[in-house]
Amino acid sequence: MSAADDTNEQLKLRSSYRDNEQGEGQWGDFTGLESKEIRRVFIRKVYSILMIQLAITFGLIALFHFIPSIHDYVRSSNGQWLYWVSYVVFLVIYFALVCSRRVARRFPLNLILLGILTLSMGYMMGMISAYYKIESVLIAVGITAFVCLGITLFSFQTAYDFTSCFGILFVISLALLAFGIVCIFTYSRIMYTIYAGFGALAFSIFLAVDTRLLMGGIRHEISAEDHVFASLMLYIDVVYIFVYILILGGVDFANLTIKMKNFVYPSQPPVVIRYGKFIQSCITLIIIAMALFCIIKAINQLYKIAAKKKEKKRIDADVEVSEEIKILREIRDLLAYKSSMALTGVEV
26 MSAADDTNEQ LKLRSSYRDN EQGEGQWGDF TGLESKEIRR VFIRKVYSIL
76 MIQLAITFGL IALFHFIPSI HDYVRSSNGQ WLYWVSYVVF LVIYFALVCS
126 RRVARRFPLN LILLGILTLS MGYMMGMISA YYKIESVLIA VGITAFVCLG
176 ITLFSFQTAY DFTSCFGILF VISLALLAFG IVCIFTYSRI MYTIYAGFGA
226 LAFSIFLAVD TRLLMGGIRH EISAEDHVFA SLMLYIDVVY IFVYILILGG
276 VDFANLTIKM KNFVYPSQPP VVIRYGKFIQ SCITLIIIAM ALFCIIKAIN
326 QLYKIAAKKK EKKRIDADVE VSEEIKILRE IRDLLAYKSS MALTGVEV
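Take 26 as the starting number for the sequence shown in our numbering and just add one per residue.
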C-alpha cells in the first residue's frame with residue numbers, strides 16, 4: 026500500500042472517529058453499524074417500543090368508544106379543554122425529541138417523554154375517533170394495519186434506497202400544507218377526500234423511508250443509540266396513516282357541518298353545532314401539524330445529506346493537500362540528498 030493510500034485511510038478513520046465522538050451519527054446520517062447482531066437487537070428494541078405505543082393509543086381509542094361515560098365526557102364541553110392541553114404537550118415533546126439529540130438519547134428522560142407523548146396522542150386520537158361510528162374506526166384500524174404491514178415487509182425485502190425520495194417528499198409536504206390551509210376555510214367533502222388520500226400516500230412513503238433508515242446497510246441509516254427517535258418516527262407515521270384513512274373513510278363531521286350551515290333544526294340544541302365546528306377545528310389543526318412535520322422531516326434529511334456531501338469534499342481536499350505535501354517533502358529530501366552527495370564529491 027502506498028503512502029498516499031495510508032494517508033487517505035488515516036483521514037477517513039479520523040473523520041469517522043470525530044463524528045462518533047461528537048455525535049454526528051444521528052438520525053439519517055452515516056453510521057458505523059457493521060454488526061448484524063447489533064442491528065437486529067436495535068430493530069427488536071424499536072419495534073417493541075412501537076408496539077407498546079400503538080397498544081396504548083388504540084387502547085385509548087377503544088376506551089373512548091366502549092365506555093359510555095368517557096365517550097360522553099370527551100364529546101362534552103368539559104372534555105374539550107383536555108384536547109388542547111394534549112395538543113400543546115404533544116407539540117412541545119415532539120419538537121424536543123426531534124430537535125434535541127441530547128434529550129432523545131438521555132435515559133430515562135427520553136422514555137418518560139415518549140410515554141407522555143404517546144398518552145397525549147392517544148387522547149387526541151381517541152377524542153377524534155369518538156365523533157365517528159365504531160364501524161368506520163374499526164375499518165380504518167384494519168386498513169392501517171394491512172397497509173403498514175405491507176409497507177414494512179416490502180421495505181425489509183427490497184434493496185431500493187427510499188432515502189433518495191426526500192426531494193419529492195419535500196414537495197409533497199408543501200402541497201399538504203397548502204391543502205391544510207385551504208381546509209380551514211372550506212367544508213368541501215371532496216376537498217377532504219382528496220387531501221386524505223394524498224396525505225395517506227405521503228405518510229406511507231415516509232413509513233417506507235423510516236423503515237429503510239431503521240434497517241441500515243445503506244448510505245443513510247439511524248444510529249443504534251436513537252431507538253427512541255426511531256420509535257417516535259414510526260409511531261407518528263402509523264398514527265397519521267390511521268387518521269388520514271379515518272378521514273378518507275368517513276368525513277362525518279364535514280357533512281354534519283354542511284347540514285347545520287344550510288338548514289335549521291329546531292329540535293337540535295346549539296351545542297351540537299358547536300361540536301361539529303369543534304371537531305372540524307381539531308382535524309384542521311392535526312392536518313396542519315402533519316404537513317409541518319412532513320416539511321421539517323424532509324428539510325432535516327436534505328440538510329443532513331448536503332452536510333455530508335460537503336464533509337466528503339473537505340476530506341477529499343485534505344487528501345489532495347496531504348499528497349501534494351508528501352510530494353514536496355520527497356522533492357525536498359531528494360534535493361537535500363543530492364546536495365549532501367555533491368559536498369562529499371560523490372556523483373549522484
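Just so you know, even glycine gets a beta-carbon here, dropped at the ideal spot from N, CA and C.
This one's a predicted model, so the numbers in the text were calculated from it and none came from an experiment.
Cutoff 6 Å; reference residue i; Cβ partners in own chain excluding five residues on either side
i, result
"Ala-361", "none"
"Ile-81", "Thr-143, Gly-147"
"Phe-204", "Tyr-220"
"Glu-247", "Looking at the sequence provided, one finds Ile at residue 247 rather than Glu. Within the same chain, Ile-247 has close Cβ partners Trp-52, Leu-238, Leu-239, Ala-255."
Burial state of residue i (16 or more Cβ within 10 Å)
i, result
"Ser-94", "exposed"
"Phe-6", "This structure does not reach residue 6, given that the chain is present from 26 up to 373, and the question cannot be answered."
"Leu-174", "exposed"
"Met-76", "exposed"
"Asp-262", "buried"
"Ile-197", "buried"
"Val-113", "exposed"
"Ile-23", "Outside the displayed range of the chain (26 to 373) lies residue 23, so it cannot be described from this structure."
"Gln-182", "exposed"
"Ser-73", "exposed"
"Ser-145", "buried"
"Gly-48", "In this predicted model, Gly-48 has a pLDDT of only 41, less than 50, meaning its place in the structure is not dependable; the value taken from the coordinates is given anyway. Looking at its Cβ environment, which holds fewer than 16 other Cβ atoms inside 10 Å, Gly-48 is exposed."
Alpha-carbon to alpha-carbon, residue j and residue i
i, j, result
"Ile-118", "Leu-136", "11 Å"
"Met-150", "Val-268", "8 Å"
"Lys-351", "Arg-357", "10 Å"
"Val-128", "Thr-218", "38 Å"
"Ser-111", "Gln-105", "10 Å"
"Arg-354", "Ile-340", "21 Å"
"Phe-115", "Glu-345", "49 Å"
"Ile-206", "Leu-199", "11 Å"
"Asn-103", "His-96", "12 Å"
"Leu-239", "Arg-100", "38 Å"
"Glu-349", "Leu-359", "15 Å"
"Arg-214", "Glu-160", "19 Å"
"Cys-124", "Leu-178", "29 Å"
"Val-264", "Arg-126", "23 Å"
"Lys-335", "Ile-63", "29 Å"
"Gln-337", "Leu-79", "Here residue 337 turns out to be Lys, not Gln, going by the sequence shown. In a straight line, the C-alpha of Lys-337 is about 39 Å away from that of Leu-79."
"Pro-133", "Phe-210", "43 Å"
Beta-carbon proximity of residue i to residue j, cut-off 8 Å
i, j, result
"His-252", "Lys-70", "yes"
"Ala-165", "Ile-270", "yes"
"Ser-180", "Ala-255", "no"
"Gly-222", "Leu-273", "yes"
"Asp-235", "Leu-259", "yes"
"Leu-138", "Leu-122", "yes"
"Glu-250", "Arg-130", "yes"
The ligand FAD heavy atom lying under 7 Å from the CB of residue i
i, result
"Ala-227", "In the structure shown, the ligand FAD is absent, as is every other ligand, since no ligand is present at all."
Cβ neighbours of residue i in the same chain (closer than 8 Å, five flanking residues each side left out)
i, result
"Ile-266", "Thr-169, Val-172, Cys-173, Ala-225, Phe-228, Ser-229, Leu-232"
"Ile-141", "Val-114, Ile-118"
"Tyr-98", "Gly-104"
Sequence-distant residues of its chain with Cβ nearer than 7 Å to residue i (five each side left out)
i, result
"Phe-83", "Val-166"
"Ile-86", "Met-150, Gly-151, Ser-154, Val-162"
"Trp-109", "none"
Between the segment 85-102 and the segment 153-167, can you find at least three pairs of beta-carbon atoms closer than 8 Å? yes
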